[in-house]
Amino acid sequence: MSASRVMWGQIAVVFAIVLLAVWAATQWVAWRLGFQPQLGSPWFALVGLPIYPPPAFFWWWFFFDAYAPHVFLEGAGIAASGGLVAITVAILMSIYRAREAKDVRTFGSARWAEPHEIEAAGLLGDDGVVLGRLDRTYLRHDGAEHVLCFAPTRSGKGVGLVVPTLLTWPGASIVHDIKGENWELTAGFRARFGRVLLFDPTNANSAAYNPLLEVRKGEWEVRDVQNVADVLVDPEGSLEKRNHWEKTSHSLLVGAILHVLYAETDKTLAGVAAFLSDPRRPIESTLSAMMTTPHLGEKGPHPVIASAARELLNKSDNERSGVLSTAMSFLGLYRDPVVAAVTARCDWRIADLVSGEKPTTLYLVVPPSDISRTKPLVRLVLNQIGRRLTEDLHAKGRRHRLLLMLDEFPALGRLDFFESALAFMAGY
């Protein structure tokens, strides 16, 4: 109840008490005087008892005080007692209003939750993402909603939320771990009851992952390859709209990746870079090979591959050179021999993360010195995982529950898929 409503309620209660006290004095005096006809006609009768208007007491006191002064003193005492009661009630209600005024919402209504509100929110369960602590009880969120935590650097986000969650989360997990701290602190424990993978594109001993092996040949191949190319042409996650060179290089990359998957032995992104920059032949010969290779056997070349090659051959030499150089700039990372080795095979597949016999934890670790350089690959991995795991809503019952622990998430730049998928991803 607001303070203004309490104030008007206070006024109404005080007025009612005073009115009832005066009315009681009127009825008392009338009874003591034997309901004499000289008192005037009653207002109405209740069960044979004459009821007079409340102010009648003052009229009678003015005209008949000399005849029975002690009776009117009794009436005055009754009326005065009502005033005292009204004053007492007014003081008590004023104290209540003062307490209500402490809950001032002029600058907003945010406040710390009360214990009963915490319990009603379901934050006192035994499982879920660790949010904090209330006395000796951990606060955990175990619902399908997303959890966002932001705080200044070195303020305890990792040791307060991330590490406790990874040490208690029973399902599968994908951890974006830039500095490798979470790997060092939690991987040993999580390995006791599940599979643990470290993906570090700068470490030759990393668990390898080849994004192109997640392309499913057949009806989904073009979609899968286009999704790969979408991330390749936006390595920083900063493009609102693609320019001409990015659009045409996207088309070239789609065709080149499909060709490599069908016709080349090195089916990797490093292989795509080598195919497009083969020093033994000019780009025109490379494009010609894309148009003439029988990718589909007796059906001849793949139409998407052939059309991508023809589209580039139809351009002038200068424009063709610009498109090729733009496409190669997106593949420069995979010329690093360590990155090429880590992406040359698959030690794990996306389906393994949620459908294995035991829950799997994947740590995406990148040294701070290589964050900018390797960002396109980490973005590609997360994009593929997110898209693949949100294709089939009915697969949820056959999977381990998956936690995306994206520590230092802004370092990845803008991920269009995650931006749009936040609204529905939790349902998978």
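Under our numbering, think of the first position of the sequence shown as 3, with each following residue one higher. Ideal placement from N, C-alpha and C gives every residue a C-beta, glycine not left out. Source: prediction; values computed, not measured.
- [ ] Given a cut-off of 8 Å, decide if residue 370 and residue 474 are closer than it, judged by their beta-carbon atoms.
- [x] Residue 474 cannot be examined here, being either before or after the span of the chain that is shown, 3 to 430.
Open item on the list: Using C-beta distances below 6 Å, list every residue in its chain close to residue 410, excluding the 5 sequence neighbours before and after it, in chain order.
Closed with: Only 180 meet the Cβ criterion.
TODO: For residue 367, name the three-state secondary structure that DSSP assigns.
DONE: It is a strand residue.
Task: Start and end residues, beta strand (DSSP E) containing residue 1 - done: Outside the displayed span of the chain (3 to 430) sits residue 1, for which this structure offers no information.
- [ ] Along the beta strand (DSSP E) that carries residue 175, what are the first and last residues, could you check?
- [x] Counting along the chain, the beta strand (DSSP E) containing residue 175 begins and ends at 174-179.
Task: Euclidean distance between Cα positions of residue 152 and residue 412 - done: Their backbone Cα atoms lie some 11 Å apart in a straight line.
Task: DSSP beta-bridge partners of residue 302 - done: Under DSSP, residue 302 forms no beta bridge with any residue.
- [ ] Please name the residue in 145, 373, 246 and 227 whose C-alpha comes closest to that of residue 405.
- [x] For residue 405, the closest alpha carbon among the candidates 145, 373, 246 and 227 is that of 145.
Task: Nearest-angstrom Cβ-Cβ length linking residue 276 and residue 268, presumed shorter than 8 Å - done: Their Cβ separation, rounded to whole angstroms, is 7 Å, which keeps residue 276 and residue 268 in contact under 8 Å.
Task: Sub-8 Å separation of residue 345 and residue 270 beta-carbons - done: In this structure, residue 270 lies closer than 8 Å to residue 345 by Cβ.
- [ ] Would you identify the three-state DSSP class for residue 72, choosing helix, strand or coil?
- [x] DSSP places residue 72 in helix when its eight states are reduced to three.
Task: With 16 other Cβ atoms within 10 Å as the buried cut-off, status of residue 69 - done: Residue 69 should be labelled exposed.
TODO: Would you mind working out which of 149, 254 and 49 sits nearest residue 425, comparing C-alpha positions?
DONE: A check of alpha carbon separations from residue 425 across 149, 254 and 49 identifies 149 as the nearest.
Task: Any 3 or more C-beta pairs closer than 8 Å across the stretch 354-369 and the stretch 182-201 - done: Yes, the stretch 354-369 touches the stretch 182-201.
- [ ] Would you check if the stretch 286-305 and the stretch 330-340 touch, i.e. whether three or more CB-CB distances between them fall below 8 Å?
- [x] At 8 Å Cβ cutoff, the stretches do not touch.
Open item on the list: If you reduce the DSSP assignment to three classes, tell me which class residue 194 lands in.
Closed with: Here residue 194 sits in coil by DSSP.
Task: Among 390, 118 and 368, the one whose alpha carbon lies nearest that of residue 419 - done: Looking only at 390, 118 and 368, the smallest Cα-Cα distance to residue 419 is reached by 390.
TODO: Provide the residue span of the beta strand (DSSP E) that contains residue 134, from first to last.
DONE: Its beta strand (DSSP E) spans residues 131-136.
Task: Short Cβ contact (8 Å threshold) for residue 2 with residue 45 - done: Residue 2 falls outside the range modelled here, since the chain spans only 3 to 430, and no answer is possible.
Open item on the list: For residue 84, tell me which candidate among 67, 19 and 94 has the shortest Cα-Cα distance.
Closed with: Taking each of 67, 19 and 94 in turn and checking the Cα distance to residue 84, the smallest one comes out for 19.
TODO: Could you tell me which of 62, 157, 244 and 353 sits nearest to residue 216, measuring between CA atoms?
DONE: By alpha-carbon distance to residue 216, the top candidate from 62, 157, 244 and 353 is 353.
Task: Spatial distance of residue 375 from residue 310 (CA atoms) - done: Straight-line Cα distance between these residues: approximately 28 Å.
TODO: Can you grab the Cα-Cα spacing for the pair residue 384 / residue 262, in whole Å?
DONE: In a straight line, the C-alpha of residue 384 is about 23 Å away from that of residue 262.
- [ ] Output the distance between the C-alpha atoms of residue 55 and residue 111, rounded to the nearest integer angstrom.
- [x] Between residue 55 and residue 111, the C-alpha separation is close to 48 Å.
TODO: Check each candidate in 254, 223 and 36 and name the one with the smallest Cα separation from residue 286.
DONE: Closest by C-alpha distance to residue 286, out of 254, 223 and 36, is 254.
Open item on the list: Quick check on DSSP: helix, strand or coil for residue 109?
Closed with: In the structure shown, residue 109 sits in coil (DSSP, three-state: anything other than H, G, I, E or B).
- [ ] Quick one: residues in its chain with C-beta nearer than 6 Å to the C-beta of residue 26, no 5 flanking neighbours on either side, listed in chain order?
- [x] By the criterion of a C-beta distance shorter than 6 Å, residue 26 is surrounded in its chain by 80, once the five residues flanking it on both sides are discounted.
Task: Distance cut-off 7 Å: residue 132 Cβ against heavy atoms of the ligand GDP - done: Absence of the ligand GDP from the depicted structure is noted, as is the absence of any ligand whatsoever, leaving it without description.
Open item on the list: By the DSSP assignment, the beta strand (DSSP E) with residue 407 in it spans what residues?
Closed with: 404-408 is the extent of the beta strand (DSSP E) around residue 407.
TODO: Check whether the Cβ atoms of residue 357 and residue 401 sit closer than 8 Å, and answer yes or no.
DONE: Contact flag set, yes.
TODO: Taking only the alpha-carbon atoms, compute the straight-line gap between residue 318 and residue 312 and give it to the nearest angstrom.
DONE: If I take the Cα positions, the gap works out to 12 Å.
TODO: Please report how far the alpha carbon of residue 47 lies from the alpha carbon of residue 87, in whole angstroms.
DONE: Distance from the CA of residue 47 to the CA of residue 87, rounded to the nearest whole angstrom, comes to 28 Å.
Task: Distance CB(residue 163)-CB(residue 177) smaller than 8 Å - done: No, Cβ-Cβ distance for residue 163 and residue 177 is not below 8 Å.
TODO: Could you tell me which of 366, 278 and 42 sits nearest to residue 65, measuring between CA atoms?
DONE: Checked all of 366, 278 and 42; the closest Cα to residue 65 is 42.
Task: Anticipated Cβ contact below 8 Å, residue 174 with residue 403, distance rounded - done: The C-beta separation of residue 174 from residue 403 comes to about 7 Å, placing the pair in contact by the 8 Å criterion.
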